[in-house]
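>
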């Protein structure tokens with residue numbers, strides 16, 4: 236049996252970012268990657284590195300997200316120099332458009348709550364009126380009346396990020412094991428064994444980052460990860476000259492020129508089929524924001540499943556019963572990649588999660604339902 | 051580089067490729083018209099690389115052209131019509147944002 240310092244289960248963005256950070260810290264690490272038969276949110280996501288709407292009522296989440304966005308430039312630069320892969324990170328700030336007075340008032344109230352909740356950490360935002368927006372965004376539709384803006388938001392190419400993390404992990408001595416669905420796992424403190432792809436490997440530490448698969452895996456390690464799928468659909472236009480200078484919550488133009496439209500949310504179980512009614516709604520709202528989008532052809536569209544904890548916040552835990560076993564779950568594998576590689580991985584390597592991550596423990600969800 | 055097969059139908063549909071007049075058979079694709087007109091490339095990618103039609107069956111998107119002022123059309127999937135104006139697609143298409 237091959238022995239490692241750490242095994243990471245899950246080769247998506249969460250697992251790959253942590254595995255990369257572990258290998259960089261000098262651990263001998265194995266990354267078990269189920270492959271493209273997995274639901275793998277990492278190949279279907281929108282590509283925002285997004286801060287402004289994360290953590291209303293949960294300042295620890297707001298802070299963690301901001302920290303991750305702050306780690307992003309260093310991570311992107313490091314991945315470029317170590318792997319030669321540009322992950323296309325840009326941080327020009329981001330906008331959330333509002334189409335009527337009620338939306339705008341609700342958005343303003345939320346941004347102000349988040350500023351208050353941020354305390355000393357601070358939260359810079361601005362509400363822009365239509366005139367300011369029209370100067371910033373060419374061809375803004377008459378339906379848009381205002382927007383919220385923060386300087387923290389940005390975007391990146393998520394497929395390049397996944398590729399770069401895998402390549403960087405291997406170059407730092409990690410072993411990437413593709414097409415390896417975990418079939419058996421046994422836990423003893425400091426001695427974890429996993430059977431996958433026909434072989435057994437063991438390690439003193441194990442990180443469960445299997446996305447939706449964590450729900451079934453976690454209990455075997457004395458942990459809990461009650462995550463559920465939340466479907467999102469995305470439409471992609473043909474490539475166009477650079478027109479949008481910064482990303483919006485539901486619309487962004489990639490470095491290559493395509494314009495991505497998205498952000499639907501459907502509770503549809505493990506179904507990844509596309510529904511024309513939802514696609515129509517995405518397209519209609521996009522054209523309300525920018526009528527010139529009407530001329531562009533849609534060249535691709537897909538549905539993918541977000542990994543959603545019951546309260547929408549990430550889950551990070553170390554097992555009390557089997558120390559050395561960790562969970563990491565979230566629906567923002569792109570945004571949180573900076574934190575996972577640069578902040579969380581060193582904690583796992585050191586064998587202890589920072590106390591500031593305590594509120595992310597799944598124990599918060601162990602509340603008996605009201606009768 | 052390309053020439054019509056000896057049994058090809060008579061070239062009876064008149065189109066222009068980059069303003070150059072050329073006749074091709076009924077049922078030919080716009081991509082075939084560009085090839086018949088003798089161009090070295092049918093488009094330049096957004097990254098500035100030259101491309102020729104490749105799969106000729108609607109899959110690879112390498113044969114994008116502007117047809118009658120509509121950019122980024124898959125020319126292998128478009129049948130020629132009399133008077134069709136075909137232009138090479140140079141880079142990403144333009145957008146037309148109008149002040150609202």
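Protein chains in written order, with the numbering used here: chain A, 236 to 606; chain B, 51 to 150.
Glycine residues also receive a C-beta, built at the ideal position from the N, C-alpha and C atoms.
The structure presented is a predicted model; accordingly, all values stated were derived computationally and were not measured.
Given a limit of 8 Å on CB to CB distance, which residues of the segment 135 to 150 of chain B reach chain C?
You won't find chain C in this structure, because its protein chains are A and B.
> Quick check on this structure: which residue in A:377, A:536, A:600 has the alpha carbon closest to the alpha carbon of residue 544 of chain A?
Of the listed residues, the one whose Cα sits closest to residue 544 of chain A is A:600.
> Quick check on the burial criterion: 16 or more other C-beta atoms within 10 angstroms. Buried or exposed for residue 279 of chain A?
Burial call: buried.
> Do the CB positions of residue 533 of chain A and residue 472 of chain A come within less than 7 Å of each other?
Contact flag set, yes.
> When the Cα atoms are used, what is the spatial distance from residue 527 of chain A to residue 145 of chain B?
Spanning the two alpha carbons is a distance of roughly 7 Å.
> Would you report the Cα separation of residue 307 of chain A and residue 566 of chain A, rounded to the nearest angstrom?
Cα to Cα, residue 307 of chain A sits roughly 17 Å from residue 566 of chain A.
> Does the pairing of the segment 489 to 500 of chain A with the segment 340 to 353 of chain A give three or more beta-carbon distances under 8 Å?
Output reads no: the segment 340 to 353 of chain A does not touch the segment 489 to 500 of chain A.
> For residue 484 of chain A and residue 294 of chain A, what's the separation of their Cα atoms in angstroms?
In a straight line, the C-alpha of residue 484 of chain A is about 20 Å away from that of residue 294 of chain A.
> Whole angstroms is fine: what's the gap from residue 501 of chain A's alpha carbon to residue 466 of chain A's?
If you take the alpha carbons of residue 501 of chain A and residue 466 of chain A, they lie about 5 Å apart.
> Per DSSP, residue 463 of chain A is paired with what?
A:543, per the DSSP bridge assignment.
> Closer than 7 Å, Cβ to any Cβ of chain A: which residues of the segment 93 to 116 of chain B, in chain order?
Within the segment 93 to 116 of chain B, the qualifying residues are 96.
> Just to confirm my understanding: we take residue 73 of chain B, look at its own chain, exclude 5 residues before and 5 after, and list those with CB closer than 6 Å. What are they?
Around residue 73 of chain B: 61, 64.
> Does any residue of chain B have a CB that is nearer than 7 Å to the CB of residue 433 of chain A?
Taking Cβ atoms only, chain B never reaches closer than 7 Å to residue 433 of chain A, which makes this a no.
> What does residue 333 of chain A touch in chain B if you count any residue whose Cβ is under 9 Å from its own?
Simply none; closest approach about 15 Å.
> Excluding sequence positions up to five away, which residues of its chain have a Cβ less than 7 Å from the Cβ of residue 259 of chain A?
Once the five neighbours on either side are set aside, the close Cβ partners of residue 259 of chain A are 407.
> When the Cβ atoms of the segment 558 to 565 of chain A are set against those of the segment 419 to 427 of chain A, are three or more pairs found closer than 8 Å?
These segments touch.
> At least one CB of chain B closer than 7 Å to the CB of residue 492 of chain A: is that the case?
Interface residue, yes.
> Just to confirm my understanding: we take residue 118 of chain B, look at its own chain, exclude 5 residues before and 5 after, and list those with CB closer than 7 Å. What are they?
Answer for residue 118 of chain B: 134, 135, listed in chain order.
> From this set, A:236, A:262, A:271, A:309, which residue's C-alpha is nearest residue 577 of chain A's C-alpha?
Checking every option, the nearest Cα to that of residue 577 of chain A belongs to A:309.
> So residue 331 of chain A is in the beta strand (DSSP E); what residue range does that whole segment cover?
Per DSSP, residue 331 of chain A belongs to the beta strand (DSSP E) from 329 to 333.
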